Each structure stands twice: as structure tokens, then as C-alpha cells.
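The next block holds one structure in the form of C-alpha cells; read it before the comments.
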Amino acid sequence: IFLAFERRAEGLERIVVLKRILPHLAENPDFVAMFLREARLVARLSHPNVGQIFEYGEERNIPFFAMEYIHGTTSRELVKLAERSATSLPIAVALEITLQACRGLHAAHQLENLRGEPLGLVHRDITPHNLMISAEGHVKLVDFGVAKSTVGDDETYSGALKGKFPYMSPEQARNLPLDRRSDLFSLATVCWELIAGLPLFQRNSELETLEAVTNTAAPPLHTFRDEFPEALWPPIERALSKERDERQPTVDAFRLELEALVDELGLRLSSDGLAEAMSDIAGEVLERRDRDVRRATDSVLSGGAPRQLSQLLAEEDKTPAIMSDDAPTHVAGPKSQPSESDPELPRSGTAEYTSVRSFKPLLWIAALVLLLSAGGVALQFFGPNGPTFLSGGSGQRPSGEPVVLAWPPYVDPEYLLRDMLPLQTYLERRLQRPVEIRVTDDYDESATLLISGQADFANFSPLLFVKANERSDQIDLLVVKEFDGAQTYESSLIVRSDSSYTQLSHLEGQPICLVNRDSTSGYLMPRAYVRDSGFIPEHFFGEIIWSGQHHQALRDLINGRCEVAATYNGAVYSADDAGIPIGRLRVLAVTGIIPQDVIVAGPHTDPELREQMLEALLDFDPQRDLGIPR
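With the numbering used here as the guide, the letters of the sequence shown map in order to residues 1 to 630.
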């Protein structure tokens, strides 16, 4: 996902969000069909409470669509920002978000095709992260990527469980046929969370979460917040009924019932009131985000290279998607041509888009996991096959208190420190302070050092970034790394070259070498791959060997401690340099494509130092600053 600047010949200029398919998924016609179908569906939804799509097209044979940029927060982020101020989200704010979301969702449910026939659309992914609130106080329903029509060709999508466990309806959790009342249950679940300040059905495991969704009744909200009016509970309780026939028949019926009580109790806010609350709760964050976008825009329009301004600016969903557990998924679906029931969307160059226009990419918004509303840049690095290792320089190092950058032990610490020496040299020159890159004993220690203030900055994998944000919501994402021009990397399952294993099923009951529970490629992605292949991850392998870091996982594999190792392509590429006989290994399967790691600032990092680091990284160019050839 990119944040881009659109410029048309007639003088129209605006910032838009460009969403595109990852290149490896562009070769899958079923995934392309689902992607384009999302564009067609949302483009037909002209409603103030739905994020708008303007057009779609192709760039280098990769489909994309351009959609509305919403300067605001997700409802989940708003709750977190309120908690940061040691308070709860005001009940009136939570209710206004819910009422506006009802209007947008009802519009989606009422969507018709060009013949006026209802599509029976079900969103299937109503979560706090998919409800955006603009600075102007408008709630926008977004992300129709797994939406399902209950009529027509879309029936071919049935059979795949899509959505997020804590926000599923009971019938969705059971993979039963769905209608609009499923979305009503999900929205009521979000409403409950916004008011109570904690997830309603989230438990320690997926199985426990599904059990809660299907069998656990929702506790009354006044038992969590004394000031919640008991008169408001009945419509919410009804919407949370386990039996769908006991819920309101439509989202709009729920809205009217709730709205009447809200008005009666004097809790109605309107968009203006919500905008005022946004300013009070999220004003500082929004101002900083706006400055970051303006800085990126000014730099690009003045000739700066977009790749050096690839800023992350999004709240990433921390709840793993059930489609893939954050892994790319091949989804059964119709052909990429629109079906009879699919609404049409103007392509670039049709009557509605005849003017010359161009999109200049400003910001890269990582689509994985995670990213909590923050600005960042793509930081250029070069892989182990290039001239990466430089001396510390002949000049004297700066004096003063060192700037500490914590780094998890992805591979051998000696290799990491050597590979990071060019970055260390550059940062010391820019910051005029000594820089200490501290490779920690394990992944979690890096997060602990950052959160406790013992480190000013840290390098996090996507999964570690998510987990660290669960411990502290004051971690600022600064940069996303870029290796040899790539903003993503592959995770893989590796076996010995002389083994007889040729597919995943052959490994059932065998030991596997994993890296760490906080590793994206060495834990999360292989687990998702196993589940997407139809197996239960907890029971598939006979034993788990925790290797601690990727190079050690490859050594353990070669030494026979396991029959398969989970790792990423960078560890394989650098294995020979680390003394690991790469010729004795082969790739069994690619388990996913992952956004590159990020560098973050901690809750105790001096704001001036944060800005100095951000400026240094914005300006960083390996060829210019370090003399590394491309």
C-alpha cells in the first residue's frame, strides 16, 4: 500500500492511497479476481461513511486501485490514545462511532448491481481497525477485501474461513452461510470493546477465542463502566445474541433503536462533536502525522526520490487475519472478469477518467501486520552479496553519551555487527554522538531494552513490532528497511539437500527447527503455512527445536537436530559467509512474503534525538554517504 500524490492535467492535486497486489500474487488469477472485485464493490458505494475508491488500473501488469486518503485514526488507535491519557474513550464518542459505522455498513448491505438487484453483501471483517475516524469527525468503513455476496457467482468463495476470530459472529466461526446479521454481531462486538476498553471475546488461544465467540454471553457494559447507562444495554445485548434470529433484522434497525436511546439520554455527539473529541484525544498524533506527510510531499515534488521517502503511515491490524495468519494466501474465487453480479468500476482512460494524471508514490504503508500509526522511511541497505563491510573510518569517533540501538539476534551477532558497521559510521557522523548497536541475547530483550529506556532505538521484525506495541503504545515507527531495492523478503522452509522430503506432508511427525516465538519468518509464517496447508500447527511436527537465531537453525538442521528449518532468504544468502555449507541445503517451500524490518524509537527517547535520527535516515543514501556501489 502506498500513499501517493495525484496530479491531473486540469490542475487537480490530491493525496490518495494506492493499493496494489504483491507481484507474486499478481500471477494468481483467483487472487486478482478477489482484489479487483473489492475495487468494483467499493467504487459502487458512494456513502460518507465508507472509504471511497476512485479508480483502478494496472502498472507493469500489476493491478492497483486508488482510494481515499483518510487523515485520522482507527477506532482501535483512538482507544489506545485515550488510555495513554489515563482515561477511557468517552461513552458518547464510542456511541457516535458506532452509529456512523451503522450507516456505512447499512449502505453496503443495500448495495445493488446495475440491474437493481441486491447483492446481499456481507463485509465479514468488521473490526476496530477497519473503522477509520477522520480528523473532521467522519467514520469510514474500510477494507472490503474479504466481503462476500450471498447471491450470484460469489458463492465460489464459500468454504474458506475469512475474518478475524475475536470479531466473528458465531455462525461465521462455524463457517455457516452468512447474511447481514453476521456483520451486525461483529459491529456490536466492536461497540462493546470501544466502551469497555478491552476485547470482548479475545482469549489466549484461537480455540479459546472461538469457544468464547460461540458460547460466552457478553457481560453487561455497566459492569465494566459505572457511568454506562443501563438503558442502552438492551439493543447492544440483542445485537450480540448467539442466535441470529434473535438479533435486529438489519444494521439500520439496530441503529434506529440505539439512536433513539442516545438522543433520549442526551449522549448524541454528531460529526462536529466527534471532531472535537478527535482533537482532544489524538490531536498531537494527527499534527505530527500531517507534518510527516507534508514533508514527504514537499520532498517528492521538489525532485526527491520516492524510494527514500517510503514512509509508513498506518495503523496496522494486530489481530492476525484468519485467511492467512499474515501469510499470503491463494484464495478460491471466480475468474478475474467481472461477473453478472459484480458492479462495474470505471478504469483509467474511460469517460470519467480521460484527463492525464500521474501518481507519485510518497509513502509505503506496510500491509502485514502491523503498523501502528507512525511515520517512517525506507532505509537502503545492501545484502551480503554486495560490498557491505566497511572499516569504522579513520577519523576519531564522537564523544558523549552513546545512542543505543538494540538489535535482535537474527543471525550470528558477529555477522550482524560487521554488517551494521556502515550504518553505525554514518549515524555517528550525522548525530555527532557515539552509536552503540547492541545485539541482544534474544528477541524479547530488544523490546525490553527499548521500552525500559535502556535503548533509544531498536530494530524489530514485523511480529516483534506487534508484540512490543502490546506492551507499550508509545513506540514510534521511524523507518522500514530496504535491501537491494526490496521492501519485502521471503520466509522459507529449508531441508537438507540429501533428504527425501519433497512436500510438507512428508514432514508430519518430524522435528522442526524454529527461531524464536517473536520471529516472523522463523515462527509466525511457517505456522501459518502449515495451517493453510490443512494441518494443525500444534500437532503436525513431532518436536520443536528452538534454535534462537537463523544461522543456528541452519546449523541445527545440518547437524541432524531437526529435519526442516524455518528461516528467511537473507539467512540462506549469508550462510556461506557465516561458515555454513549452503550446498547441503535446499528450499522445500516458500512460506510467505514479509515486509522488511523496522527501526523504532522508544517511549523514553528524547524527542530532539528522535527527530535527528529521522532526518538522518531520511537523508541516508548508501552510494552517496558510504561509497557503496549499487
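Glycine included, each C-beta is placed from N, C-alpha and C at the ideal position.
Note that this is a predicted model, so its numbers are computed, not measured.
At what residues does the beta strand (DSSP E) containing Ala218 begin and finish? Run containing Ala218: none; DSSP gives neither H nor E here.
By the three-class DSSP mapping on this structure, what secondary structure does Ser446 have? helix
What number of angstroms, rounded off, separates the C-alpha of Ser446 from the C-alpha of Leu464? 9 Å
DSSP puts Asp476 in a beta bridge; with which residues? Ala601
Rounded to whole angstroms, what is the Cα-Cα separation between Ala135 and Ser492? 42 Å
Taking C-alpha atoms, which residue in Val293, Ile558, Pro220, Ser521 lies nearest to Phe2? Val293
Sort Thr448, Gly57, Tyr501, Lys481 by Cα distance to Ile475 and report the nearest one. Thr448
Roughly how many angstroms lie between the CA atoms of His539 and Leu524, to the nearest whole one? 15 Å
Where Thr440 falls: helix, strand or coil (DSSP): coil
Phe64 bridges to which residues according to DSSP? Arg20, Gly57
Contact set for Pro118: own chain, Cβ-Cβ below 6 Å, skip 5 residues either direction: Glu112
So, at 8 Å on beta carbons, what are the nonlocal neighbours of Trp407 in its own chain, with the 5 sequence-adjacent residues on each side left out? Leu416, Met420, Ile437, Arg438, Val439, Thr440, Ser446, Ala458, Asn459
For Glu428, is the classification buried or exposed, using 16 other Cβ atoms within 10 angstroms of its Cβ as the cut-off for buried? buried
For Val369, count the other beta carbons within 10 Å of its own beta carbon; 16 or more makes it buried, fewer makes it exposed. Which is it? Residue placement at Val369 cannot be trusted, given a pLDDT of 26 that sits under 50; what the coordinates show is reported in the next sentence. Answer is buried; the Cβ neighbour count reaches 16.
To test your reading of the DSSP string, which unbroken beta strand (DSSP E) runs of 3 or more residues are found completely within the region 511-536? 511-514
Secondary structure of Val411, DSSP reduced to three states: coil
Does DSSP put Arg203 in a helix, in a strand, or in coil? coil
Based on the DSSP secondary-structure assignment, which residues constitute the bridge partners of Pro170? According to DSSP, which records beta bridges pairwise, Pro170 is partnered with nothing at all.
Between which two residues does the beta strand (DSSP E) harbouring Ala589 extend? 585-595
By Cβ distance below 6 Å, which residues in the same chain neighbour Gly104 in space, the five residues on each side in sequence not counted? His47, Asn49, Val50, Leu141
Compute the Euclidean distance between the alpha carbons of Asp532 and Ile126, then round it to the nearest angstrom. 22 Å
Proximity to Asp412 [Cα-Cα], best of Gln552, Val530, Val213: Gln552
Short of 7 Å in beta carbon distance, which residues of its chain neighbour Leu45, apart from the five on each side in sequence? Order them along the chain. Ala107, Ala108, Leu111
Following the continuous beta strand (DSSP E) through Thr254, name the residue where it begins and the one where it ends. The sequence shown places Phe at residue 254, rather than the Thr named in the question. Note, Phe254: premise wrong, no beta strand (DSSP E); alpha helix (DSSP H) at 251-264.
Would you decide whether Gln503 is buried or exposed? Buried here means 16 or more other CB atoms lie within 10 Å of its CB. exposed
Please determine, among Trp233, Ala275, Arg288, the residue with the shortest C-alpha to C-alpha distance to Leu265. Trp233
Chain-order list of residues whose beta-carbon lies under 7 Å from that of Ala275 (same chain, five-residue window excluded): Ala135, Glu136, Gly137
Status (buried if at least 16 other CB within 10 Å, exposed otherwise) for Ile544: exposed
At a cut of 8 Å, does the region 78-92 reach the region 167-183 through at least three beta carbon pairs? no
Is the Cβ-Cβ distance between Ile281 and Leu450 less than 7 Å? no
How about the region 580-588 and the region 512-531: do they share at least three Cβ pairs that are nearer than 8 Å? no
Cutting at 6 Å between CB atoms, please list the residues of its own chain near Thr520, excluding the five before and the five after it. Ser461, Pro462, Leu463, Ile594
Which residue comes first and which comes last in the beta strand (DSSP E) that contains Phe457? 457-460
Could you round the C-beta distance between Val17 and Tyr56 to whole angstroms and report it? I think they count as a contact, below 8 Å. So it is not a contact: roughly 12 Å between Cβ atoms.
Opposite Glu112 in the DSSP bridges: which residues? Pro118
Could you pull the start and end residues of the alpha helix (DSSP H) that Ile580 belongs to? Segment: none, Ile580 is in no alpha helix (DSSP H) and carries neither H nor E.
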